[in-house]
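For reference, the structure discussed in these notes is given below.
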């Protein structure tokens with residue numbers, strides 16, 4: 001008997017995208033799926049769409065809850081998961097047809113705990129052809145944690161949805177409630193549960209760039225990133241691994257810089273610098289204090305230049321960067 005995979009799909013106001021998501025899921029070549037749709041108090045036609053699919057496919061169950069956010073929806077889904085493996089799928093994204101068959105085969109062949117698949121980011125509605133031969137590497141926990149912490153790497157590894165996990169890796173771990181960037185600490189907790197991780201660049205997951213979504217515009221919620229890295233530092237400290245502690249603290253410092261950069265690049269920079277003046281002052285002060293550590297880290301030269309500039313006079317250089325970005329956009333028109 002093939003292994004059962006539990007797929008958790010949080011749903012909230014995604015009527016324009018849900019059919020594409022569920023079509024990619026019910027047509028997976030690995031058919032032994034347990035599809036757990038969590039209705040997070042959606043107010044549009046999403047539930048009716050999900051119910052239509054559930055009537056046609058007995059593998060689908062729909063769990064209803066009052067709106068509590070993405071984290072709590074995933075936590076609810078995990079309560080109902082009974083599969084040997086667990087995956088997460090966001091309801092405006094979609095999968096390659098053989099995504100789970102491919103990742104499961106890699107997990108079993110390499111005797112790994114987590115499989116990490118390639119991502120295609122797109123604002124289009126379709127998949128892409130894959131011609132190159134997939135690269136596959138097997139990493140120890142420490143080596144994958146190094147990638148997660150962006151040590152001599154710039155890939156983003158904290159996403160939870162382009163991965164397939166052994167059930168034991170995710171069992172009992174809760175997503176932090178009411179958080180933006182809840183993936184960051186949760187993925188680190190999963191890494192700590194894994195001894196071997198297999199990574200492939202073959203695209204298995206299509207991430208839809210939704211310009212109307214939560215991350216489209218900078219808001220107060222983005223400052224939650226600081227809390228997420230505080231949790232990671234705490235988890236690293238519990239692990240007693242000196243590398244993890246050092247890397248976690250460095251990434252906490254990088255988070256200050258990342259937020260300041262995101263604000264400076266925003267089309268609404270003039271509004272944001274007034275609205276979040278207190279937060280910007282605190283972040284700028286922390287960046288100045290941590291400048292030496294950040295400049296000594298393995299970061300691209302372009303980032304080190306910005307760190308030096310922002311640490312010396314954030315508002316002046318952020319305004320300059322913002323003006324340059326606007327000019328560049330105008331020239332492209």
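Residue numbers (the working numbering): 1 to 333. The C-beta atom is built at its ideal place from N, Cα and C for all residues, glycine as well.
Excluding residues up to 5 positions away in sequence, 218, 269, 272, 273, 276, 280, 318 lie with their Cβ nearer than 8 Å to the Cβ of residue 263 in the same chain.
When the five nearest sequence neighbours on each side are left out, the beta carbons in the same chain lying within less than 6 Å of the beta carbon of residue 106 are those of 115, 198, in order along the chain. DSSP, read as helix, strand or coil, puts residue 28 in coil.
Around the beta-carbon of residue 203, 16 or more other beta-carbon atoms lie within 10 Å, marking it buried. Cβ-Cβ separation between residue 250 and residue 183: approximately 19 Å, too far for a contact (criterion under 8 Å).
Counting C-beta atoms within 10 angstroms of its own C-beta, residue 156 has fewer than 16 neighbours from the protein chains shown and is therefore classed as exposed.
By the Cβ criterion, the segment 175-190 is not in contact with the segment 96-111, since fewer than three pairs of Cβ atoms, one from each stretch, lie closer than 8 Å. Residue 200 holds the alpha-carbon nearest to the alpha-carbon of residue 132 among 169, 200, 164, 163.
The Cβ neighbour count for residue 179, taken over all protein chains shown within 10 Å, is at least 16; the residue is labelled buried.
In the DSSP annotation of this structure, the continuous segment of the beta strand (DSSP E) that includes residue 117 starts and ends at 114-122. Annotation for residue 185: the continuous alpha helix (DSSP H) segment containing it runs 183-193. Under the DSSP assignment, residue 164 falls in the beta strand (DSSP E) whose first and last residues are 163-166. Take residue 149, set aside five residues on each side of it, and the residues of its chain with a beta-carbon closer than 6 Å to its own are 247, 251, in chain order.
The segment 85-93 makes contact with the segment 154-170; the number of CB pairs closer than 8 Å reaches 3 or more.
For residue 71, the closest C-alpha among the options 39, 239, 256 is that of 39. Within the same chain, and ignoring the five residues on either side of residue 20 in sequence, the residues whose Cβ sits closer than 6 Å to its Cβ are 94.
Relative to the Cα of residue 193, the nearest Cα in the group 242, 141, 175 belongs to 141. Taken through DSSP and simplified to helix, strand or coil, residue 282 comes out as helix. For residue 233 and residue 48, the gap between their C-alpha atoms comes out near 42 Å. By the neighbour-count criterion, in which 16 or more other beta carbons inside 10 Å mark a residue as buried, residue 256 falls on the buried side. For residue 243, there is no enclosing beta strand (DSSP E); the enclosing alpha helix (DSSP H) covers residues 242-265. Secondary structure note for residue 317: it is in no beta strand (DSSP E), and the uninterrupted alpha helix (DSSP H) holding it is 301-332. Comparing C-alpha distances from residue 313 to each of 300, 177, 265, 288 shows the shortest one belongs to 288. Less than 9 Å separates the beta-carbon of residue 32 from that of residue 3.
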